[in-house]
Each structure stands twice: as structure tokens, then as C-alpha cells.
Amino acid sequence: MIPSILPTYNRAPLAFTEGQGAWLTAEDGTRYLDLGAGIAVNALGHANPDLVAALTEQAGRLWHTSNLYRIPAQQRLADLLVEHTFADTVFFTNSGTEACELAVKMARKHWHDKGRDRTTIVAFGGSFHGRSAAGIAAAGSAKMTNGFGPLLPGFVQLPWGDHDALRATLDDTVAAVLIEPVQGEGGIRPLPDQCLKGLRDLCDTHGILLILDEVQCGMGRTGRLFAHEWAGIAPDIMMVAKGIGGGFPLGAVLATEDAASCMTAGTHGSTYGGNPLACAVGARVMEIMTADGFLDDVRRKAAGFRQSLEGLAAAHPDIIDHVRGSGLMLGLKLHVAPAEFVAAGYAQYLLTVPAADDVVRLLPPLTITGDELAEGIRRLDRTAAALRRDAA
Ligand SMILES: *Cc1c(COP(=O)(O)O)cnc(C)c1O
């Protein structure tokens, strides 16, 4: 008999009833150190008092009015995003997937309105852009597309890191390139700054729009507000979600005026997108992340954690091949199955997240303390030791 919840997830036998900062309390009262943060969603920790206050204050006044009317909290969040990024304009969604839908629609309409037949979107192997028709067509992996055809046409996937294929494919028939500056689900694979710069140049040469998917690597995760800032470039369109709501469902598409001016009244919409509750929380998240010293602190903690992880890898060369990633978006490339590592972590009251390419992801709340990161290292050390004992 099919379960009452459609069984699309491989869930761990764990349920949590409370959270506090980097800690989650399970039903049986045990406490877990959370180095997954709901897959980079709880960027400011669980039950962050500032976010609880922003949400409850808004909840006591007004939940929803519809985009038929002006929404002051939405205006405030849009202004903050425009102030602190490349973007001239923002559309709010409820998720990263919906951000992908609009990014694709915007890129195509941009060229349509210019009278040009440029519809192809170039994406990359190992990428993840969500589970909608456009999202799975963009990522293109058999695991996500099998059985769901016919797929949305007009997407091409190139191998990650294949510069020759990129140069051969990008010409003035392409509408846009869609890429994660740091692949998340694909196994914490950062695009080197030089490559992102080179990609921006190639796009400029052919007039191609550059769409960055910063759903996972954005919102302070790499130690800059957005990962592309490290390369000193800017996209034309950017997808944001996960950390922007700190756990409240919220996503956004940020764009330049040139890319976005095709999206006029009536061309797109969302019932919940930019809802007062989500935007009240999102605005508080932005205020906290853009406050003096916040990202410096993330970078400082990340450097120490990275160094400790390198030591851990050196101590367990049979379990851990190497460390990779950026800021507090880190991956351990393993010699064991990531699912095994994650399960062994549960026995040490430690939460990590598996990814493709034999990688386990470490995505702690950005507010985690240095002491908690040190505790994480001790638990990772015990996890690796337990896996070795099991193998022996
Ligand atoms: C999670 C994720 C998405 C999809 O976001 P949802 O909120 O799950 O729809 C898209 N792109 C990337 C890079 C992601 O990590």
C-alpha cells in the first residue's frame, strides 16, 4: 500500500522537534550537531531570535494580501537586494525551482522581444536547478528526467570544466548560459574564479545572457553575499532561494534592467511569491548578513574549519580523499559511499548531507561558533574512525 506521504524521499529514521542555533533535538531528546542546516537553508541557525521576532511581528499584523496590491515588506526586501547586488530588479518566488522557471522564461523573452530567434540555454553536467519541467530539462541527468518525457526542448548540457566544448557551443544563437558558481548537489564543485571570468567574457563576446544559480552557494555561504563576487564579475540574471528565507519558503530572481525589461505587466506572476511573512523574514536575513563584520566572521570561521578538515583528511586517508569547496560550503570527497558516511554520522549525533560524486556536504549555519565547528571536527573524526572499524 502506498504510504500516506508520497514516497519520493529516502528519509533517515530521525525526526526533530526543536532547534537552537546549530543544534537539533530529536523526538527522543537527544541533540544533534547540524552541519547540514536543512541543505543550506537555515543560514542563520535554528530558531534565530531575530528571525522569530520578524516573523511573529508580521504574523500578528497581516499574513497575505496578494500581488494585486503593493506589499511593503516585499518592497523593502527588493530594495535591500538591489542595494547590495548587481541587480536592478527582483521577482519573488517560493522556491529555487520557481526561480529557475522565471530565469528561463526571462532569457527567452528577452531575445523574443528583440526579434531574435535565440532560445537555447546551455547548462552543465552534474548541475541541479530544481525538479520542474524546466529544471530537469536544464540539468538533464537521466536520474531526474527518466520517465518524465517529453522534456522541455532547447537545453544543451556540456561537461563540467570542458572549455573546448564551451567555446565550440557558445555562439550568437545561444540565449543564455545557466551555471552554479559552486555545484551543490553535484558534489561541491567550485568553478574556479578564472573560469567564471572567462565564461563572462565568452558570453559578452556573443551577447549571451549569463544566468547564475546561486540557490545553494549564495546568501553568504561562500563568505561573500554571492559566490560570483569572488570572481569580480556579475551575471545578467541570478536565481536565489534556500538561505534567503532562513528556513521560511522564499526565492527570488535578480536581474539587470537590460535582461528583465521584457517582463512587463501580465507576463509572469505567483500567488504566494513575495508574501508579507516571507519578505519580513527575508529582509531581516539581508539586514543581518549585510551588517558590518558578518561575512568577515564567516570567512574567518571557514578558514579555520577548512584547515581542521584538511588535518582530518590527512588523518583518515583511507576514508577521505580530499576537502573541497568555498567558505562554509564544503565537501569531503570520500573513499566510502556518502550515504554510509552520513549514517555513521548519525551514530555520533552529527548531521551531514550526501551529494553526487562521492561527496558528503558540510553546510553549517553561518552563525555556528568556532567551538561548535571544533566539536564538528571531533564528531567527524569519530565518524571516520567508526567507518574504518566497520571496514576492518
Ligand atoms: C535546492 C536547489 C534548487 C532548487 O530549489 P528548491 O527550493 O528545492 O526548489 C535549485 N538550484 C540549486 C543550485 C539548488 O541547490
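For the sequence shown, numbering that gives the first Met the number 0 begins at 0 and goes up steadily by one. Heads up, the beta-carbon is just placed ideally off N, CA and C, and yes, glycines get one too. Keep in mind that this is a model prediction, so the values were computed, not measured.
Measuring straight from C-alpha to C-alpha, what distance separates residue 219 and residue 329? Working through the sequence shown from its first residue, we reach residue 219 at position 220. Working through the sequence shown from its first residue, we reach residue 329 at position 330. Near 13 Å, if we compare the C-alpha coordinates of residue 329 and residue 219.
Any contact of the segment 255-264 with the segment 44-52, i.e. 3+ C-beta pairs under 8 Å? No contact exists between the segment 255-264 and the segment 44-52.
On the criterion of 16 or more Cβ atoms from any shown chain inside 10 Å, does residue 37 qualify as buried, or is it exposed? Looking up residue 37 in the sequence shown gives position 38. That one is buried.
On the CB-based measure, 16 or more other CB atoms within 10 Å of its CB, does residue 265 come out buried or exposed? Taking the first residue of the sequence shown as 1, we reach residue 265 at position 266. Its Cβ having fewer than 16 others within 10 Å, residue 265 is exposed.
Every unbroken beta strand (DSSP E) within the segment 217-300, with a cutoff of 3 residues, ordered by chain: Uninterrupted beta strand (DSSP E) stretches at least 3 residues long and entirely within the segment 217-300 occur at 236-239, 250-254, given in chain order.
The segment 52-69 touching the segment 195-207, judged by at least three CB pairs closer than 8 Å: Segments in contact, no.
Between residue 247 and ligand 1, is the CB less than 7 Å from at least one heavy atom? Against the sequence shown, residue 247 aligns to sequence position 248. Residue 247 Cβ: outside cutoff for every heavy atom of ligand 1.
Limits of the unbroken alpha helix (DSSP H) element including residue 369: In the sequence shown, counting from the first residue as 1, residue 369 sits at position 370. Start and end: 369-390.
Mind checking which residues open and close the alpha helix (DSSP H) that includes residue 345? Along the sequence shown, read from residue 1 onward, the residue named residue 345 stands at position 346. Per DSSP, residue 345 belongs to the alpha helix (DSSP H) from 337-346.
Cβ of residue 240 within 7 Å of any heavy atom in ligand 1? Taking the sequence shown and counting its residues from 1, the one referred to as residue 240 is at position 241. Annotation for residue 240 indicates a beta carbon within 7 Å of some heavy atom of ligand 1.
Quick check on the burial criterion: 16 or more other C-beta atoms within 10 angstroms. Buried or exposed for residue 14? One-based indexing of the sequence shown puts residue 14 at position 15. A residue is called buried once 16 or more other Cβ atoms fall within 10 Å of its Cβ, and residue 14, having fewer, is exposed.
Quick test of your reading: residue 383 and residue 319, contact by CB under 8 Å. State the CB separation rounded to the nearest angstrom. Working through the sequence shown from its first residue, we reach residue 383 at position 384. Working through the sequence shown from its first residue, we reach residue 319 at position 320. Confirmed, Cβ separation roughly 6 Å.
Going by other Cβ atoms of all chains shown within 10 Å of its Cβ, with 16 needed for buried, is residue 369 buried or exposed? For the purposes of this step, residue 369 is identified with residue 370 of the sequence shown, where counting begins at 1. Classification of residue 369: exposed, given that the 10 Å Cβ count is below 16.
On the criterion of 16 or more Cβ atoms from any shown chain inside 10 Å, does residue 371 qualify as buried, or is it exposed? Counted from its first residue, the sequence shown places residue 371 at position 372. With a 10 Å radius around the Cβ and a threshold of 16 neighbouring Cβ atoms, residue 371 comes out buried.
Does DSSP put residue 100 in a helix, a strand or coil? Start at 1 with the first residue of the sequence shown, and residue 100 comes out as number 101. In the structure shown, residue 100 adopts helical secondary structure according to DSSP, grouped into three states.
What do you reckon, is the C-beta of residue 156 under 7 Å from a heavy atom of ligand 1? As a working mapping, residue 156 is identified with position 157 in the sequence shown. For ligand 1, not one heavy atom lies less than 7 Å from the Cβ of residue 156.
Start and end residues, alpha helix (DSSP H) containing residue 204: As a working note, residue 204 is residue 205 in the sequence shown. Membership of residue 204 in the alpha helix (DSSP H) is indicated by the continuous run 192-205.
Within the same chain, show all residues whose beta-carbon is closer than 7 Å to that of residue 109, passing over the 5 residues directly before and after it, in chain order. Counting from one through the sequence shown, the residue named residue 109 turns up at place 110. Beyond the five residues adjoining it in sequence on each side, residue 109 comes within less than 7 Å, by CB distance, of 208, 258, 261 in the same chain, given in chain order.
Contacts around residue 192, its chain only, beta-carbon distance under 8 Å, and the 5 residues preceding and following it disregarded: Against the sequence shown, residue 192 aligns to sequence position 193. Answer for residue 192: 229, 230, 231, listed in chain order.
So, under 8 Å CB-CB, residue 117 and residue 173 are touching, yes? Tell me the CB distance rounded to an integer number of Å. Reading the sequence shown from its first residue, position 118 is the one you call residue 117. Reading the sequence shown from its first residue, position 174 is the one you call residue 173. Indeed they touch by this definition, with Cβ atoms about 6 Å apart.
Distance cut-off 7 Å: residue 193 Cβ against heavy atoms of ligand 2: Ligand 2 is not among the ligands present in this structure, which contains only ligand 1.
For the candidate residues 168, 326, 0, 17, whose alpha-carbon lies nearest to that of residue 181? By 1-based counting over the sequence shown, the position of residue 181 is 182. If we check each option's Cα against that of residue 181, 326 comes out closest.
N-terminal and C-terminal residue of the alpha helix (DSSP H) that residue 166 is part of: The residue you call residue 166 lines up with position 167 of the sequence shown. Annotation: the continuous alpha helix (DSSP H) that includes residue 166 extends over 162-168.
Please classify residue 91: does DSSP put it in a helix, a strand, or coil? Locating residue 91 in the sequence shown gives position 92, where the first residue counts as 1. Of the three classes helix, strand and coil, the one that applies to residue 91 here is strand, per DSSP.
Can you check which of these residues, 248, 377, 215, is closest to residue 347 by C-alpha distance? Counting from one through the sequence shown, the residue named residue 347 turns up at place 348. Checking every option, the nearest Cα to that of residue 347 belongs to 377.
Inter-residue Cα distance where the pair is residue 323 and residue 0: Residue numbering aside, residue 323 sits at position 324 when the sequence shown is read from its first letter. Residue numbering aside, residue 0 sits at position 1 when the sequence shown is read from its first letter. Here the alpha carbon of residue 323 sits roughly 42 Å from the alpha carbon of residue 0.
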